[in-house]
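Notes follow the structure.
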Amino acid sequence: ERTVPVPDELRAAARKVSNWGRWGPDDELGTLNHITPAHVARATALARRGAVFSLSVPFDADGPQGAHGYRRNPVHLMTLDGGDHDVAERLGGWGGEAERQVSELWRGPMRFNDDFIMMPLQCATQWDALAHVYYEDRLYNDRPAGTVTSFGATRNGIDKVAARGMVVGRGVLLDVVAHRGATHLEAGAVIGPEELEAVAAAQGVDVGTGDILLVRTGWWQYFRSTGGSGAGGPGISWRCAEWLHEREVAAIAADNLALETSTKEFPGVTLPFHMLALRDMGMLLGEMWDLETLAHDCAEDGVYEFLLVAQPLLITGAVGSPINPLAIK
Ligand code: UVW
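Residues are numbered in the UniProt record's numbering as their position in the sequence shown, beginning at 1, plus a constant of 10.
And the structure:
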């Protein structure tokens, strides 16, 4: 048997948390529909001190993909820099159309540098789009798997979210590391819904409709401090799906590689929380966010809520997007 069937328990959970049809047959935003203009307006009031925290890890060759099998860290290349100008002046030009264009520009006082980057869209701080993970040939809202082709995602792509400027609202940090009194969670640690509930209660923060939930596991900090080891991530259990569904959470992100635990909760089934969240609930998943500085600030002032702005890029048909999320307190 090549295919491990969907376990009964997971299928039962899928039925409970499914949002297919909830926002109409054409919906491609999923649980982001929980964020209404009223939610956004209320969230802006959380930017009280004007303190801004970038939640992005660096996009560079030392990135988190050192711990990943099938992705690569970004390759950043310069296409033009000051050295080209110096060489052209000392040794003569490059010849051809390139020289004609550039030397025309260099006759004036303006100088410039250009670059580009090659990278998987999901190699560092990012959102998984709803078209990223599916099973039994269906994507979120009963779309056929064939709607994603080599031309990209014709349905449920990240562009649908980006075009609407959807990912802004009330962010809530649940600092599981601090709650456990640890520096980081051990590889494969599992965070269940009971623990999310306990952390929220201990921090004195509620989690409700339209919130964007951030979960700190300490993985990113640990990965950085150990010089790149750290495959086998701590993370949330598939059992958190129902808890998030009941609270009408809009999206969830964490500071680890895959958001959910690397522990196999069902034999032969990889990423069961992804299956429920992306395909059945229609919930964006954020991975590899740097929550360290924000967590320290929250511990200091005891405020675990903030305005969160985390827009994906408008990349047509993409199944994920790099982001530089901002928390503003
Ligand atoms: C997979 O690797 C399938 O998913 P993610 O990048 O969201 O962890």
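Every residue, glycine too, gets a C-beta built ideally from N, C-alpha and C. Note that the coordinates shown come from a computational prediction; the quantities given were computed from them, not determined experimentally.
Opposing strand residues paired with residue i [DSSP bridges]
i: residue 233; result: Looking at the DSSP assignment, residue 233 forms no beta bridge with any residue, so it has no partner.
i: residue 72; result: In the DSSP output, where bridge partners are listed per residue, residue 72 has none listed.
i: residue 145; result: 148
i: residue 88; result: 125
i: residue 299; result: 66
i: residue 162; result: 159
i: residue 294; result: 261
Where residue i falls: helix, strand or coil (DSSP)
i: residue 157; result: helix
i: residue 261; result: strand
i: residue 337; result: strand
i: residue 46; result: coil
i: residue 316; result: strand
i: residue 25; result: helix
i: residue 104; result: coil
i: residue 186; result: helix
i: residue 226; result: strand
i: residue 62; result: strand
i: residue 289; result: helix
i: residue 136; result: strand
i: residue 325; result: coil
i: residue 272; result: coil
i: residue 197; result: coil
i: residue 209; result: helix
i: residue 113; result: helix
i: residue 180; result: strand
i: residue 332; result: strand
i: residue 97; result: helix
i: residue 245; result: strand
i: residue 16; result: coil
i: residue 279; result: strand
Buried/exposed call for residue i, threshold 16 Cβ in 10 Å
i: residue 172; result: buried
i: residue 111; result: exposed
i: residue 62; result: exposed
i: residue 191; result: exposed
i: residue 101; result: exposed
i: residue 105; result: exposed
i: residue 87; result: exposed
i: residue 167; result: buried
i: residue 332; result: buried
i: residue 296; result: buried
i: residue 25; result: exposed
Of the residues the options, the one placed nearest residue i, counting alpha carbons only
i: residue 157; options: 339, 328, 270, 98; result: 328
i: residue 125; options: 71, 85, 278, 244; result: 85
i: residue 206; options: 222, 250, 169; result: 250
i: residue 59; options: 307, 218, 209, 331; result: 307
i: residue 29; options: 266, 258, 305, 322; result: 258
i: residue 83; options: 18, 141, 128, 64; result: 128
i: residue 183; options: 324, 214, 170, 153; result: 214
i: residue 330; options: 80, 143, 194; result: 143
i: residue 305; options: 334, 339, 47, 274; result: 339
beta-carbon residue i near ligand 3 non-hydrogen atom, thresh 6 Å
i: residue 169; result: For the structure depicted, ligand 3 is absent and the ligand set comprises only ligand 1.
- Message: For the region 222 to 231 against the region 195 to 205, do three or more pairs of beta-carbon atoms, one drawn from each stretch, fall closer than 8 Å, so that the two count as touching?
- Response: When Cβ pairs closer than 8 Å are counted between the two stretches, the region 222 to 231 is seen to touch the region 195 to 205, the count reaching three or more.
- Query: Are the region 32 to 52 and the region 281 to 300 touching, with three or more C-beta to C-beta distances below 8 Å?
  - Reply: Under the Cβ criterion (8 Å, minimum of three pairs), the region 32 to 52 counts as touching the region 281 to 300.
- Should the region 179 to 186 be called in touch with the region 303 to 319, which here means at least 3 C-beta pairs below 8 Å? These segments touch.
- Query: Using 8 Å as the threshold, is the region 85 to 93 in touch with the region 271 to 290, meaning 3 or more CB pairs across them?
  - Reply: By the Cβ rule, the region 85 to 93 does not count as touching the region 271 to 290, because fewer than three pairs are nearer than 8 Å.
- Query: Looking at C-beta atoms only, is the number of pairs between the region 129 to 136 and the region 102 to 121 that lie closer than 8 Å three or more?
  - Reply: Counting C-beta pairs with one atom in each stretch, the region 129 to 136 and the region 102 to 121 have fewer than three that are closer than 8 Å, which means they do not touch.
- Count the CB pairs spanning the region 304 to 315 and the region 25 to 38 that are closer than 8 Å, and state whether there are at least three. Verdict: no, contact absent.
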